[in-house]
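A.B. asks: Line by line, the protein sequences are chains L and G.
The first sequence begins at 2 in our numbering and counts up one residue at a time.
The second sequence begins at 2 in our numbering and counts up one residue at a time.
2 protein chains.
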Amino acid sequence: MDNLQSTEIKILDAARQVFHQKGFNGARMQEIADLAGINKALLHYYFRNKESLFEKIFNETFGQIALKLNEIFLSEMTLMTKIEIFVNFYINFISKHSYIIQFVINALQDKPDQLREIILKQNLSPGLLLEQVQKQLKDEMGLDIDPLHLYINILGLVIFPVVAKPLIQSIFAIPDDKMGIFLEQRKKIVPTFIANALKGYEKDKSFI
Amino acid sequence: MDNLQSTEIKILDAARQVFHQKGFNGARMQEIADLAGINKALLHYYFRNKESLFEKIFNETFGQIALKLNEIFLSEMTLMTKIEIFVNFYINFISKHSYIIQFVINALQDKPDQLREIILKQNLSPGLLLEQVQKQLKDEMGLDIDPLHLYINILGLVIFPVVAKPLIQSIFAIPDDKMGIFLEQRKKIVPTFIANALKGYEKDKSFI
DNA sequence: TGTAATTTTGACCGTTTGGTTTAATTATAT
DNA sequence: ATATAATTAAACCAAACGGTCAAAATTACA
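(1) In whole angstroms, give me the CA-to-CA distance for residue 102 of chain L and residue 71 of chain L.
(2) Helix, strand or coil for residue 125 of chain G, going by three-state DSSP, please let me know.
(3) Please tell me whether residue 188 of chain L and residue 95 of chain L are closer than 7 Å, where the distance is taken between their beta carbons.
(4) By the 10 Å Cβ neighbour count, where 16 or more other Cβ atoms means buried, how is residue 3 of chain L classified, buried or exposed?
(5) Distance, Cα to Cα, residue 120 of chain L vs residue 79 of chain G?
(6) Please confirm whether residue 36 of chain G has its beta-carbon closer than 7 Å to some beta-carbon of chain L.
(7) In the DSSP assignment, find the unbroken alpha helix (DSSP H) run with residue 177 of chain G in it and report its ends.
(8) Identify the contact partners of residue 200 of chain L in chain G, using a Cβ-Cβ distance below 9 Å as the criterion.
(9) Return yes when the Cβ of residue 37 of chain G is within less than 7 Å of the Cβ of residue 66 of chain G, no when it is not.
(10) For residue 16 of chain G and residue 107 of chain G, I'd like the C-alpha separation in whole angstroms.
(11) Taking C-alpha atoms, which residue in G/60, G/167, G/148 lies nearest to residue 199 of chain G?
(12) Just mark residue 152 of chain L as buried or exposed, buried being the case when its beta carbon has 16 or more other beta carbons within 10 Å.
(13) Quick check on DSSP: helix, strand or coil for residue 147 of chain G?
(14) Note down the Cα distance separating residue 160 of chain L from residue 126 of chain L, rounded to an integer number of angstroms.
(15) Would you mind reading off the limits of the alpha helix (DSSP H) that contains residue 91 of chain L?
(16) Any C-beta of chain L within less than 7 Å: which residues of the segment 16 to 37 of chain G qualify?
(17) Using a Cβ-Cβ cut-off of 7 Å, state whether residue 165 of chain L counts as contacting chain G.
(18) For residue 131 of chain G, which residues in the same chain have their Cβ closer than 7 Å to its Cβ, ignoring the five residues on either side in sequence?
(19) Does the separation of the CB atoms of residue 113 of chain G and residue 109 of chain L fall below 7 Å?
(20) If you follow the alpha helix (DSSP H) that residue 74 of chain L is part of, which residue opens it and which one closes it?
(21) Can a CB atom of chain G be found closer than 7 Å to the CB of residue 67 of chain L?
(22) Please list the partners that residue 194 of chain G has in chain L, where partner means a Cβ-to-Cβ separation under 7 Å.
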């Protein structure tokens with residue numbers, strides 16, 4: 002087959018796919034080996050055990066999510082531009098990799114301590130992320146708003162519909178085809194919704 | 002012990018707790034039996050197998066989530082009052098039962114077909130839910146807004162911070178004690194945010 | 001009280017799972 | 001060429017798992 006890729010990469014590709022879809026408990030080492038087109042013994046030859054392989058995938062995946070947030074929100078653009086770009090990019094990204102967020106959320110719920118250590122090794126800059134948005138809210142819009150709440154509002158509006166897709170379809174009886182259109186619409190609707198909300202604070206500027 | 006409760010109830014209480022926290026794959030029949038204070042054989046005496054016990058818990062849990070939505074949004078109040086009440090109730094509810102939403106989302110992702118049948122047996126009224134909010138948006142605020150997007154915005158703003166709590170704490174380095182305060186603040190912040198956003202549509206009333 | 005039905009138990013079974021071992025084979029590099 | 005590293009197949013292991021069974025304990029009831 003594709004002997005161009007090194008065995009290690011073939012394993013990581015397979016592991017990523019299986020872990021993302023089924024989580025740690027649902028994943029089977031045999032399935033990962035099969036998908037990588039190798040022997041199960043070889044899997045343990047490259048990665049000591051399931052845990053270490055899982056940690057490698059988690060580290061990589063979490064980084065992907067967090068670093069895109071940094072990249073956009075620490076750049077030099079107006080706040081509303083950042084939000085538009087972020088919403089567009091993120092809806093595309095997590096729609097394409099539909100298991101990615103749920104994987105991270107579930108992993109962190111399952112083994113918080115073990116994974117918290119891994120996360121600490123990635124040098125995130127949560128302080129900067131918050132400070133810069135807070136500054137932009139003040140400078141560009143004259144608002145004293147808790148930046149964390151704004152971040153969570155943005156993330157909630159973007160991530161929830163993707164993560165809770167089957168739940169939403171069940172509660173509101175939305176067929177599959179309509180759901181794709183719905184998510185596409187949100188690329189425009191969410192930035193508008195946020196912009197309108199922020200406009201509303203301009204008169205009475207208390208928000209914590 | 003508490004021999005006042007029937008064995009069946011003890012089993013369901015234990016199963017609920019274990020399934021909610023660990024999902025179908027993570028749950029162990031032995032753990033449920035232990036928590037119920039009974040023998041594993043007795044567990045199978047009351048419930049044929051793991052699947053049937055799981056379905057019973059899922060049915061009950063999904064109903065709890067969906068029916069509260071119906072109860073509030075099909076009542077006779079102004080839209081903004083509904084939203085305030087809903088946000089308050091829901092943040093309390095899912096903070097107390099912190100695994101409940103994630104459980105339902107994961108379950109629906111794991112076995113969509115099997116559970117979709119169960120959901121159909123509960124008589125939800127998704128049509129009414131959407132129509133009534135659409136009507137209220139028009140009558141009370143003069144807005145032609147897609148009610149589904151509004152629902153998802155509300156749910157996302159409320160549910161996401163609870164479901165993604167460990168993810169948020171990791172990305173933004175929020176300590177545990179500050180997280181409780183943060184969620185409490187959202188009971189006021191979310192309705193305000195939504196109200197402001199809706200106000201913003203009043204001028205240009207195109208939103209799909 | 002005696003006895004049939006129900007409830008509960010401990011021991012057991014077959015399968016799956018993560019992981020190891022061994023021995024043999026293939027590829028790589030010096 | 002030859003030592004070293006990569007890869008395979010196959011068999012195996014111990015633990016964990018869902019599930020079963022026959023017997024014992026309890027309850028219902030005549």
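Backbone N, C-alpha and C define an ideal beta-carbon position, used for all residues, glycine too.
C.D. replies: Looking at the coordinates:
(1) 17 Å
(2) coil
(3) no
(4) With a pLDDT of only 40 at residue 3 of chain L, under the threshold of 50, the placement of this residue in the model should not be trusted; the figure read from the coordinates follows. Exposed, since its Cβ has fewer than 16 Cβ neighbours within 10 Å.
(5) 45 Å
(6) no
(7) 177 to 202
(8) 197, 198, 200, 201
(9) no
(10) A direct Cα-to-Cα measurement between residue 16 of chain G and residue 107 of chain G gives close to 16 Å.
(11) G/148
(12) buried
(13) coil
(14) So the two alpha carbons sit approximately 21 Å from each other.
(15) Residues 80 to 97.
(16) 26, 27
(17) Residue contact with chain G for residue 165 of chain L: present (Cβ-Cβ distance below 7 Å to some residue of chain G).
(18) 148, 149
(19) no
(20) 51 to 74
(21) yes
(22) 154, 198
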